[in-house]
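Structure first, commentary second.
There are 2 protein chains.
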Amino acid sequence: MATLALESFLPYRLNRLASVVSLKFRAVYGPHHDLTVPEWRVLATLAQFGTMTAKAIGAHSAMHKTKVSRAVRALEERRWLVRSRSELDRREEGLTLTAAGLRSYAEIVPRALAFEAALLAELGPHAAPLLTALERMEAGLLDDAPRPERR
Amino acid sequence: MATLALESFLPYRLNRLASVVSLKFRAVYGPHHDLTVPEWRVLATLAQFGTMTAKAIGAHSAMHKTKVSRAVRALEERRWLVRSRSELDRREEGLTLTAAGLRSYAEIVPRALAFEAALLAELGPHAAPLLTALERMEAGLLDDAPRPERR
DNA sequence: GCAGGATAGTTACTTTGGTAACTGTCCATT
DNA sequence: AATGGACAGTTACCAAAGTAACTATCCTGC
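Below you can see the structure in the form of structure tokens.
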């Protein structure tokens, strides 16, 4: 009978790796700011692009709109972002980081980059090929894929 | 101010890739057998090693004991495995796949392997370096890491 | 200008997963 | 052989995430 070794099965390995990396990464911002992953993604996206709508955040950070909605509310309660109803289309609202939000972001970014650099350093010469392979997989899977957040 | 582009940030990319791969992989066994990921892992581990305890399954498949417990119950209800209390240590129970369980496994494995092969084929020459890099990251992270399933 | 479909975002409901507490068993020390 | 700690596994409780239904607004065609 054909068999399969779970520990060398690619989907399993990718999942395990991603969850360990996520967990370790939480240690980077968790202790200081107690953010969830969705909240971090919203923060990072807004800092990257400035004012934008919830929908645009979701598209850029691969999150379902309910996840975005809840993360936005959490950040709003923390006074890290403000909403402003668009005049042109009153269904949308522009989301903008406050000074406090930007300040926290500025604190987290160097640590996030250091964390990433440490990951890559551990890979040494294997880092570049990994990134290339990642790009290939993303190109193949993300485009036509039934992404959870695709609509 | 230092900034960070989420779409090229490694933890984000790993998570997104893993979740897309997982989702696509579910299509391999989902429609025919309606398994969850934890159930699939328990099935695969038992098929790989024969009779073993829930604890051992968890250790091998990187799952928390409650997740294992629930997956085992689900497979038991489906009559895909049976339990037998160990005589030597009556806290443990040996878990063994039934003929029905093995049959389902045998149906799934070729499709799982084909799915993995398709993923790797998409990578072409980048496949080998990816696997090497994965091993490196696993070696660095999984050993000393605060794995979710670690005590 | 209004009827119907589409769209942005929220909320209700359900499923899933983790933490912590519990049960039953084992084992080491006394 | 009694007691206390460790350990396998389950369960109760809570937090996170997805689906579907809802609200409010927009836009198109009549």
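Top to bottom, those sequences are chains A and B. Using the working numbering, the first residue of the first sequence is number 1283, and each one after it goes up by one. Using the working numbering, the first residue of the second sequence is number 1283, and each one after it goes up by one. Just so you know, even glycine gets a beta-carbon here, dropped at the ideal spot from N, CA and C. As the structure is a prediction and not an experimental result, all values here were calculated from the model.
Residue i: which of the options sits nearest, CA to CA?
{"i": "S1343(B)", "options": "L1423(A), F1291(A), L1357(A) and H1314(A)", "result": "F1291(A)"}
{"i": "F1397(A)", "options": "R1367(A), Y1311(A), P1293(A) and R1298(A)", "result": "Y1311(A)"}
{"i": "L1370(A)", "options": "F1307(A), T1335(A) and T1378(A)", "result": "T1335(A)"}
{"i": "E1289(B)", "options": "F1331(A), P1313(A), R1308(A) and N1297(A)", "result": "F1331(A)"}
{"i": "M1419(B)", "options": "L1405(A), E1420(A) and R1418(A)", "result": "L1405(A)"}
{"i": "R1361(B)", "options": "A1309(B), H1315(B) and A1421(B)", "result": "H1315(B)"}
{"i": "I1390(B)", "options": "A1421(B), A1410(B) and A1309(B)", "result": "A1309(B)"}
Verify whether the separation of the beta carbon atoms of residue i and residue j is less than 9 Å.
{"i": "L1305(B)", "j": "V1303(A)", "result": "no"}
{"i": "A1434(A)", "j": "L1384(A)", "result": "A query on residue 1434(A) cannot be resolved here, the shown segment of chain A reaching from 1283 to 1433 and no further."}
{"i": "L1416(A)", "j": "L1412(B)", "result": "yes"}
{"i": "L1363(A)", "j": "L1379(A)", "result": "yes"}
{"i": "M1345(B)", "j": "P1320(B)", "result": "yes"}
Roughly how many angstroms lie between the CA atoms of residue i and residue j, to the nearest whole one?
{"i": "A1382(A)", "j": "A1284(A)", "result": "57 Å"}
{"i": "V1354(A)", "j": "A1388(A)", "result": "18 Å"}
{"i": "A1400(B)", "j": "T1414(A)", "result": "18 Å"}
{"i": "P1392(B)", "j": "R1295(A)", "result": "18 Å"}
{"i": "L1299(A)", "j": "L1299(B)", "result": "11 Å"}
{"i": "T1333(B)", "j": "G1376(B)", "result": "6 Å"}
{"i": "H1408(B)", "j": "K1347(B)", "result": "36 Å"}
{"i": "D1426(B)", "j": "K1349(A)", "result": "Bear in mind that a pLDDT of 47 at D1426(B), under 50, signals an unreliable position, so the model cannot answer this."}
{"i": "L1317(B)", "j": "S1301(A)", "result": "21 Å"}
{"i": "F1307(A)", "j": "R1367(A)", "result": "34 Å"}
{"i": "R1365(B)", "j": "A1287(A)", "result": "23 Å"}
{"i": "S1386(A)", "j": "R1372(A)", "result": "30 Å"}
{"i": "R1352(B)", "j": "E1374(A)", "result": "42 Å"}
{"i": "R1433(B)", "j": "P1293(B)", "result": "Because R1433(B) carries a pLDDT of 29, less than 50, the predicted location of this residue cannot be relied on, and the following value inherits that uncertainty. Between R1433(B) and P1293(B), the C-alpha separation is close to 24 Å."}
{"i": "A1341(A)", "j": "N1297(B)", "result": "15 Å"}
{"i": "A1410(A)", "j": "A1421(A)", "result": "17 Å"}
ask   = Would you say the stretch 1351 to 1365 of chain A touches the stretch 1313 to 1327 of chain A, given that touching needs at least three Cβ pairs under 8 Å?
value = yes
ask   = Considering only residues of the stretch 1307 to 1383 of chain B, which uninterrupted beta strand (DSSP E) runs meet the minimum length of 3 residues and lie entirely inside it, listed in chain order?
value = 1363 to 1367 and 1375 to 1379
inquiry  = Just to confirm the assignment: which complete alpha helix (DSSP H) runs, minimum length 4, are found wholly within the stretch 1385 to 1410 of chain A?
reply    = none
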